[in-house]
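Visitor: All the letters of the sequence shown, read from the start, carry residue numbers 1 to 441 under my numbering. Just so you know, even glycine gets a beta-carbon here, dropped at the ideal spot from N, CA and C. Can you read through this structure? Questions will come right after.
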Amino acid sequence: MGIKVAKFGGSSVADGIQLTKTKAIIEQDPDRRYIVVSAPGKRFEGDNKITDLLYLCKTHIEHNLPYDQLFQVVADRYMAVEVNLGVEVDLLGYFDEIRENLKKNPSSDYIASRGEYLNAILVAAFLGYDFVDTADLIKFDAKGKLLMEETDQAIREELSRHERAVLPGFYGSTPDGQIKTFSRGGSDITGALVARAVGADVYENWTDVSGFLMADPRIVKNPKQIHSISYKELRELSYMGASVLHEDAIYPARMANVPINIRNTNDPDDAGTFITSEGAGVAGQDDGRIITGIAGSKDFTVVALYKNMMSSERGFVRRILGILDDYDINFEHLPSGIDTVSVVMSNKSINGRLDEVLEEFESRLRPDSIDVIENIALIATVGHGMSARTGVSATLFSALAKAGVNIRMIDQGSSEMNIIVGVDNKDFEKAIRAIYDAFVQ
Ligand code: ASP
């Protein structure tokens, strides 16, 4: 028998109707032995995600406001599912235990984690699978950094004792036993860790879309689906804001060479998108496509530093990085010329401190000039297929020129797998459409 790890996101487990679809999917393939669940998500437009309600409970507790009714809303959602599906779990007992803990003002991580915890208990009962808590399996160090190898071993050991199990996503614990969550959407990471540990044939990530599209459908009309993509390509795209899968979920799967398959719970016949080490193959072809996808985001700032003879001055870039480090700012790109270097940072990371950072640049680097370009959007055009062909950048740049888009920055990774351009925020959508139309027929 093979092993498939299937992770179901919030919308796939939002209520009894969705859970019935989820169960049918699981039962359709006996290899789907390890199931990871999110907390129930939105059932309709305007509905609340359980995780959001739980964070809200924490806010109420912190401000000494009553939170009983709020927690009752959470409890009622699970109760409704229990009744709808006809499963029997001692939910009231679990609620009492959580209510007791809430009185002690627990961490927001603890409170948020109860969404996945309760859901996994319920889904395990519904499927007749074992419930395996991840609190002791997913291990973080005291600073909250994931301990990848310890986690891998703990999951492997525990699951060798269970033929079929449901595990809650999103959380683990620190060495002192405190619950620690990943960042939002982190159940994807739990799924990837489980898939790695059990050596799964595939890690299925069930959500409410049929995989990745070549571009954001809010910008490009009916973009084509990506049938297969490599881990590396996806890394480039998810980093730039294509948000179907948590970006940290790629690494564990990639380490163990487990393909990730993004699937749609509401359309299980669609094969979705496969993420593998090869992607569409060396030629980068998905129906003969040259590029795999386009993604981007707005609100970056470029600081261009010019200094005569910079190239022969040792330690210039090191000092730039030192300043960024002092301010805890990540740089996105660092395109450089002989006597120039540009630092591309997100506005989020600058966090209103641009003037201070510029002063530091001025005093510690003594450049001849500093130019600041604000309101820049970055667009990544990604695809293994690009490296094997000539004229790809010519196509891209002439498409942008024809659309009247002024390019403010260019950076091409040495893997020749991506071309990043910086354009004015206002040209963002226009630029993406122009690139898409130039490469996709
Ligand atoms: N429930 C958590 C969230 O809403 C984690 C997840 O669903 O992956 O972010």
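#1: Between which residues of its own chain and Asp430 is the CB-CB distance below 7 Å, once the five residues before and five after are set aside?
#2: Measure the C-alpha to C-alpha separation of Gln285 and Ile291 and round it to an integer number of angstroms.
#3: If you draw a straight line from the alpha carbon of Ile155 to that of Ala124, how long is it in whole angstroms?
#4: If you reduce the DSSP assignment to three classes, tell me which class Gly199 lands in.
#5: Take Pro335 and list the residues in its own chain whose beta-carbon comes closer than 8 Å to its own, dropping the five residues that flank it on each side.
#6: Distance check for Asn205 and Leu234, CA to CA, integer angstroms please.
#7: At the level of alpha carbons, what is the spacing between Ile25 and Pro268?
#8: Going by Cα to Cα distance, which pick from Ile260, Val382, Phe170, Gln72 is closest to Ala120?
#9: Going by beta carbon distance, what residues of the same chain come within less than 6 Å of Val202, once the five residues before and after it are set aside?
#10: My output table needs one value for Thr301: the three-state DSSP class, helix, strand or coil.
#11: Check each candidate in Asn264, Pro168, Lys180 and name the one with the smallest Cα separation from Ser210.
#12: If you run the structure through DSSP and keep just helix, strand and coil, what is Gly86?
#13: Mapping the DSSP letters down to three states, classify Val282 as helix, strand or coil.
#14: Taking only three categories from DSSP, how would you classify Phe182?
#15: Can we say the region 163–181 touches the region 33–49, given the rule of at least three CB pairs closer than 8 Å?
#16: What would DSSP say about Arg43, mapped onto helix, strand or coil?
#17: Any chance the CB of Thr51 is under 7 Å from a heavy atom of the ligand ASP?
#18: Taking the alpha helix (DSSP H) that Phe439 belongs to, which residues open and close that run?
#19: Going straight from the alpha carbon of Ile350 to that of Gln69, what length do you get?
#20: How about Glu116: is its Cβ closer than 7 Å to a heavy atom in the ligand ASP?
#21: Quick check on the burial criterion: 16 or more other C-beta atoms within 10 angstroms. Buried or exposed for Phe44?
#22: Give the straight-line distance between the Cα atoms of Phe71 and Val132, rounded to the nearest whole angstrom.
#23: Return the CA-CA distance between Val13 and Arg364, expressed in angstroms with no decimal places.
#24: Out of Leu321, Ala380, Leu305, point me to the one whose CA is closest to Pro367's CA.
Guide: Inspection of the coordinates gives the following:
#1: According to the sequence displayed, residue 430 carries Lys and not Asp. So the list reads Ala403, Val405, once near-sequence residues are dropped.
#2: Any answer about Gln285 is weak, because its pLDDT of 46 lies below 50 and its placement is not dependable; what the coordinates show is given next. Ile291 has its alpha-carbon roughly 8 Å from the corresponding atom of Gln285.
#3: 17 Å
#4: coil
#5: Val341, Ser342, Val344, Met409, Ile410, Asp411
#6: Our two residues, Leu234 and Asn205, have alpha carbons roughly 15 Å apart in a direct line.
#7: 7 Å
#8: Phe170
#9: Lys4, Pro259, Asn261
#10: strand
#11: The shortest Cα separation from Ser210 among Asn264, Pro168, Lys180 belongs to Asn264.
#12: coil
#13: Any answer about Val282 is weak, because its pLDDT of 40 lies below 50 and its placement is not dependable; what the coordinates show is given next. Coil at Val282, not helix or strand.
#14: coil
#15: yes
#16: coil
#17: Yes.
#18: Membership of Phe439 in the alpha helix (DSSP H) is indicated by the continuous run 428–439.
#19: Computed Cα separation, rounded: 39 Å.
#20: yes
#21: exposed
#22: 24 Å
#23: Whole-angstrom Cα-Cα distance: 54 Å.
#24: Leu305
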